[in-house]
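Contents: one structure, followed by commentary.
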Amino acid sequence: MKVNGEVLAEDIRKALSSDSTFFFTDLLEHCNVLVNTEHEPYLKLLSIFSHGRYSNYLENAAKLPKLSETETTKLRILTILRMSINKRVLKYSDMLSETGLNSSRDLEQVIIQSIQHNVLDCRIDEANEQVFVNQISGYSVESGEQQDYLLESLSRWSESCRTVTENMQTDVDTATNKLKANMQETAEFSKSVEAAKASVKKEKPHREATSAKSRKRLA
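Note that this note's numbering has the sequence shown beginning at 166, numbered continuously upward.
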């Protein structure tokens, strides 16, 4: 079956321009048939969007399709996202270098768009020109270093869940013990009340008889 390279190239450009598409693993696998064809530059461009950074595009721009403004912004967002994989604190200077931007204001706009697209959760520290990363959305795991980071993150998350569970169990055990103690106190108090009632009932006939005798003597 002959592959229509023009159709695949168009599919690539649509995906790169889409506001809702930031991950391209499936499309990349589907478009591998473009290798050694006239449309291979589109495959290489897609590969950069899938795994690379904006600086990688600049290095090979002469051999790749020109980016639209929308595609340029998206690749800069993806660049910041991939920088966040191995670092929790990103310096403006490093991000400016990797995104090809010249001003902090332009960089902050890209970061804000990353947040708006729900691919990055972070806090911008304008005063110290750095960004604190809280969470990143799904990404392609390529290097061993990235895999180690992912495993470390999952391990921290698992440990955090275990600690929370243990604390909850401790609170439950404490509450249960208090409840048992209160129930025991209530039961003991009820026994005391019942014993007092029984004692009163037992002494009542005696007190009445004594009272009757006293009235007779007075009469």
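Heads up, the beta-carbon is just placed ideally off N, CA and C, and yes, glycines get one too.
- With contact defined as three or more Cβ pairs closer than 8 angstroms, the segment 193-208 and the segment 241-257 are not in contact.
- Ser249 is a Cβ neighbour of Val298, given a cutoff of 7 angstroms.
- Contact annotation: Thr244 and Glu263 have beta-carbon atoms nearer than 7 angstroms.
- With distances taken between CA atoms, Pro230 lies nearest to Ser212 out of Asn251, Ser212, Arg247.
- Taking C-beta atoms as the reference points, Phe189 and Phe214 count as a pair closer than 7 angstroms.
- Residue pairing by DSSP places Gln300 opposite Asp286 in a beta bridge.
- At a Cβ-Cβ threshold of 7 angstroms, Arg241 and Val275 count as neighbours.
- Shown here, Leu229 sits in coil according to DSSP, grouped into three states, outside any helix or strand.
- By the neighbour-count definition (other C-beta atoms within 10 Å, threshold 16), Ser268 is an exposed residue.
- Lys252: not part of any alpha helix (DSSP H); DSSP gives it neither H nor E.
- DSSP links Gln281 through a beta bridge to no other residue.
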